[in-house]
Amino acid sequence: MINKKFSLAALTLAVAAASCTMNKSNEAQEFNYNVDRFADIEILRYKVTDFDSLTLNDKKLVYYLTEAALNGRDILTDQNGKYNLTIRTLFEQIYTKYDGDKNDKDFKALETYLKQIWFANGIHHHYSTDKFTPGFSEEFFKAQVAKLPVEELPLAEGQTVEQLVETLTPVIFDPTFMAKRVNQADGQDLIQTSANNYYADITQAEVEAFYNAMKKPGDETPISYGLNSRLVKKDGKVVEEVYKVGGRYTQAIEKIVENLTKALEFVQNDTQKAHVEKLIEFYNTGDLKTFDEYSILWVEDVVSTVDFINGFIESYGDPLGYKGAYESIVNFKNLKASHRTEVISQNAQWFEDNSPVDPRFKKEKVKGVTAKVITAAILAGDAYPSTPIGINLPNANWVRAAHGSKSVTLENITEAYDQAAHGNGFNEEFVIDKETSDLMDKYLFIVDNMHTDLHECLGHASGKLLPGVHDDALKEHGATLEEARADLFALYYLAGPKILELGLLDNPDAYKAEYYKYILNGMMTQLMRIELGKDVEEAHMRNRQLISKWAYEHGKADNVIEFIKRDGKTFIQINDYAKLRDLFGQLLFEIQRIKSEGDYEAGKKLVETYGVKVDQDLHKEVLDRYAKLNIAPYKGFVNPVYVPEFDNEGNITDVKLDYTEGYVEQMLRYSKDYSPLTK
Ligand code: ZN
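Per numbering that gives the first Met the number 0, residue 0 is the first one in the sequence shown, and the count goes up by one each step.
This is how it looks when you write it as structure tokens:
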């Protein structure tokens, strides 16, 4: 279960943590976060912060785990569609051998198509799962294939060039053929109408019958049926082709196992050794019972600082949810950010005792929650190039219930989103002046992360209900008011001297970046995610509007927040940040009272008065202004290159990072060096 929490603008990214160093903007100048832009995609680069500070042993461990990760790339591409590897290989040939005019319209369109295929790991959009529409002509395609040397074409055994072209033409050009990778439309045969390659020559009813027959009634520890296989009908019999050494995808899995075995030499401890060995056993046997044993060993390993996932994980690619897509992420603990969440948690009682709420509603003993923050070292398979910013695994429900789950935030990924958003025109369009914009550029990532930490580690954990008040007394408004309570707790303390005393911030004005963003988002810019004419519905969005509008209305007499019109555009100006903090404290006082007393009517009135209705003119203005910015709706990443250095005996003496590789270069290199299924 991975939280695919993408957002349209960096300003609304819910990020979870940051390091406390203040030299980010300097680093940003040397490091190029923006790599490529095509179709509806923007490609970014992320930084593997503090990799150089790892021990040589840990560097080697990370290195071999990244090699294992990358060798599974072809598996996902093949899982996503049976012609994907052939088409990718063929188009890479056309692209690299092309000697015509590179500004030719057809060639440009072909380049975009190939970039889309790389991004989606196949010919269907990674998010909508709709088939891509090529912008070049059939004639152009055929003419280019005809120019290629026959021995370099991805021909199946006995296949002629004509047959290859004939097979691929409808796959590429006919919009009705293999139209969707994952079809969820009610009333259709979801297996026969989905273009993924998890099944072949089989109906939905046959698939369901096959797996229902496997399930044992009353089994409290069921395996994840069908997770690691392709289900096919052969000679009238339904059989699973299991992904394992000696089975389906053996060439790739052997490479994964080879590198996991090398990684074993450098594991950090016996706990880690045990789950790496179990994973190797799983790849060798394909036994899903072994996979569960592995998952338990993995989730219980809370000591290793280097960690990874590698396997068949998420099942969104299968309309019936049985089959797992290949995925791998290698990571190590972000010590600085984890230190910050630890400091906040250790001081939980102080924050509770000093919060601006009625003492009757305070907890005598409060325990903060510590969030885990990691640095991603490689993204692969289903997590590449499009990637999650948080991971919560394993997926098996009974394993989660009995052994817990690991939940982490990939902070260097959220940092890259944030840094790349600088200069996308958002601040210039919506922020009132350069001074505020500069403050946001410099501090927003840090204070936004800290806001999330305070919200998650303390806000939700604070306060208590009066005796007899039920958890769900606020009913349908409970979620909105709970989010508001946690946000207000965070906003209030972000500006206090305590954060400076604890050494978590070094500038007493830094909080203003978060305050400005919060009000701007709550009053205006979050509306870009809502269709014109609709109300605010989602709980987090209602909460943000509630807080912002309440503060605006209650600060009116002192002109705390002001709407400014300039050249026909609306801007937010905050005139008194200190008073705004007081207002946040007052609202926290009232919402804690509502929660503790279970005052449903007062809660409902707050939400309905401030959180739901939208000013239509302002909404339309925000949508128009946002559309003009032309910000790519989807983003993904290139990986860094890990370059091992060897001594005369062939031992690794160091591993260096190279951040200069572009998107096209990386994809072509992966197809050359990590493509065991196309050789
Ligand atoms: Zn929350």
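Beta carbons are placed, not taken as given, at the ideal position from N, Cα and C, and that holds for glycine.
Would the C-beta of HIS459 count as close to ligand 1, meaning under 7 Å from any of its heavy atoms? Answer for HIS459: yes, Cβ within range of ligand 1.
If contacts are defined as beta-carbon pairs under 8 Å, then LYS272 and ILE651 qualify, I think. What distance do you get, rounded to the angstrom? About 19 Å; that fails the 8 Å criterion.
With DSSP as the reference, label ALA27 as helix, strand or coil. Bear in mind that a pLDDT of 41 at ALA27, under 50, signals an unreliable position, so the model cannot answer this.
From LYS361, SER228 and VAL237, residue whose alpha carbon lies closest to that of ILE312: SER228
Select from MET522, ASN258 and ASN423 the residue whose C-alpha is nearest the C-alpha of VAL61. ASN258
Paired residues, beta bridge with GLN615 - DSSP: According to DSSP, which records beta bridges pairwise, GLN615 is partnered with nothing at all.
Which residue wins for smallest C-alpha separation from ALA550, given the options ALA119, LYS243 and GLY610? GLY610
Residues sharing a beta bridge with THR220, DSSP: DSSP links THR220 through a beta bridge to no other residue.
As a quick exercise: from GLU664, GLU500, ALA538 and TYR491, pick the residue whose alpha carbon is nearest that of LEU579. TYR491
Tell me where the alpha helix (DSSP H) around VAL479 begins and ends. Val is not the amino acid found at residue 479; the sequence shown has Thr there. It spans 477 to 493 - the alpha helix (DSSP H) in which THR479 sits, taken as one unbroken run.
State buried or exposed for ASN629, treating a residue as buried only when at least 16 other CB atoms are found within 10 Å of its CB. exposed
Any heavy atom of ligand 1 closer than 7 Å to the Cβ of ALA370? no
Would you call the region 151 to 158 and the region 120 to 139 in contact, with 3 or more CB pairs under 8 Å? no
Restricting to runs no shorter than 4 residues, where is the alpha helix (DSSP H) found entirely within the region 425 to 478? 425 to 429 and 433 to 452
In this structure, what does DSSP give as the bridge partners for ARG565? LYS568
Excluding sequence positions up to five away, which residues of its chain have a Cβ less than 6 Å from the Cβ of LEU605? none
Let me know the secondary structure DSSP gives PRO355 once reduced to three states. coil
Residues in its own chain within less than 8 Å of ASN268 by CB, not counting five upstream and five downstream? For ASN268, where only same-chain residues beyond five positions count, the Cβ hits under 8 Å are VAL302 and SER303.
Does PRO643 come within less than 8 Å of chain B when only Cβ atoms are used? The chain labelled as chain B is not found in the depicted structure, where only one protein chain is given.
Rounded to whole angstroms, what is the Cα-Cα separation between PRO675 and LEU334? 36 Å
Verify whether the separation of the beta carbon atoms of GLU276 and LEU287 is less than 8 Å. In this structure, GLU276 keeps its C-beta atom at 8 Å or more from the C-beta atom of LEU287.
Taking the C-alpha atoms as reference points, what is the distance between TYR293 and ASP317? TYR293 and ASP317: Cα-Cα distance of roughly 23 Å.
Any idea which residues DSSP pairs ILE171 with across the strands? In DSSP, ILE171 forms no bridge with anything.
For PHE131, which three-state DSSP category applies? DSSP places PHE131 in coil when its eight states are reduced to three.
Consult DSSP for HIS123 and reduce its assignment to one of helix, strand or coil. strand
Verify the contact flag: LYS513, CB atom, against every heavy atom of ligand 1, threshold strictly below 7 Å. It is worth fixing the name first, because residue 513 is Glu in this sequence and not Lys. No.
Just to check, is the beta-carbon of ALA485 closer than 7 Å to a non-hydrogen atom of ligand 1? For ligand 1, at least one heavy atom lies less than 7 Å from the Cβ of ALA485.
Would you check if the distance between the CB atom of TYR242 and the CB atom of GLY285 is smaller than 8 Å? yes
Count the other C-beta atoms from every protein chain shown that fall within 10 angstroms of the C-beta of ASP98, then say buried if there are 16 or more, exposed otherwise. exposed
Short Cβ contact (8 Å threshold) for LYS474 with TYR599: yes
For LEU632, count neighbouring Cβ atoms within 10 angstroms of its own Cβ and tell me buried if that reaches 16, exposed if not. Inspection of the sequence shows that residue 632 is occupied by Pro rather than by Leu. By the beta-carbon neighbour count (other beta carbons within 10 angstroms, threshold 16), PRO632 is exposed.
Should GLU644 be counted as a contact of ligand 1 given a C-beta to heavy atom distance under 7 Å? no
Close Cβ partners of LEU693 (< 6 Å) along its chain, the five nearest in sequence each way excluded: The structure shown does not extend to residue 693, since the chain spans only 0 to 678, so no value can be given for it.
Assign TYR325 to one of three DSSP states: helix, strand, or coil. strand
Give a yes or no on whether the C-beta atoms belonging to LYS441 and PHE360 are separated by under 8 Å. no
Around the C-beta of PRO133, are 16 or more other C-beta atoms found within 10 angstroms, so that it is buried, or is it exposed? Looking at its Cβ environment, which holds 16 or more other Cβ atoms inside 10 Å, PRO133 is buried.
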